Structure formats: C-alpha cells, structure tokens
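Everything on this sheet refers to the single structure shown next.
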Amino acid sequence: MLRRYTLVWFVLMIAAIINGALREAVYKNSLGDLRAHQLSTLTGIILLGVVIWAFSRLWPLASAQQAWTVGFIWLAMTIAFEFLFGHFVAGHPWSKLLQDYNIAAGRVWLLVLIWTTIAPYVFYKIR
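In the numbering used here, the protein residues as written are 873 to 999.
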C-alpha cells in the first residue's frame, strides 16, 4: 500500500503543477504575486484534497498509523522536490525558495504542506 501511495505523490505533483500554471496564466497579472500565491494555495489545497480523497476511496488506508506514514512520506518528498528541483533544475537561489515559507509576509505555502501531511489521516477517519 505504501508503494501505491508513494506513486500517488506523482499525481499530486502533476495537479500542483497544473494549479501553478493556471495561476501564472490566468490570474497572477490581475491579482499580483502575493494575492495570486494565496489564491493558488487555496485552489491547490482543494485540488489536492480531491485527488487524495479519490485515491483514498480507491485504495483505503488500513490504519491511522499508515495514514500518518503516507502523509509524512508525502511531506518529505514535497519538500525535497521543492528545494532540489527549485535550486538545481530551475536555478533559484536558496533564499528565494525559503521566501514561500514566510507566513509573516503573507506566504501561505506552509498550509499546502500541512494539508498534504494530514489529508491521508483526515480521509482515513471520514471514510
């Protein structure tokens, strides 16, 4: 089961990339960077929730421990991807990558990470 849910993470990343592309193409210019980031965080949480819910129905998690394990695996994979791809492939400096973690500046990316971590447990409990 953990192998399946590790593969689901790639579906989540595709959904996140689509969400980000829509932000850039549709509403970033009219809302500005910060508001677009905040709206994209909300739409991303909803989109990821739909994907996670669908897979949790297809492959129900067996226990709360398994749900938390999946959530923390996804968290680690997401952070690793964000920093490794962002720095080594996209060429962003570490300081730019860390900006999205600044809640005081209105950057709410951490909410996506929190949701990604707890969503498997949430959907395990409400099934």
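Using N, Cα and C, we set each Cβ at its ideal position, and we do this for glycine too. Source: prediction; values computed, not measured.
Point to revise | Touching by the beta-carbon criterion (3+ pairs, under 8 Å), the stretch 881-889 and the stretch 903-923 | key: yes
Exercise for review: Compare the beta carbon distance of L982 and I975 with 8 Å and say whether it is the shorter of the two.
Suggested key: yes
Review point. Sorry if obvious, but does the Cβ on P992 come closer than 7 Å to a heavy atom of the ligand SAM?
Key: This structure does not include the ligand SAM; it has no bound ligands of any sort.
**Study point:** Contact check, L985 vs L956, beta carbons under 8 Å
**Key:** no
**Study point:** Integer Cβ distance of K900 from A908, believed to fall under 8 Å
**Key:** 4 Å
Point to revise | Helix, strand or coil at Y993 according to DSSP, with G and I counted as helix | key: helix
Check your understanding: If we call anything under 8 Å between Cβ atoms a contact, is S912 one with R999?
Key -> no
Point to revise | Option nearest A952 by Cα separation, candidates I917, R895, L969 and A939 | key: L969
Practice item. Pick out whichever of L930, Q910, S902 and L919 has its Cα sitting closest to the Cα of R876. Key: L930
Review point. So which of E954, I890 and F944 has the shortest CA-CA distance to L874?
Key: F944
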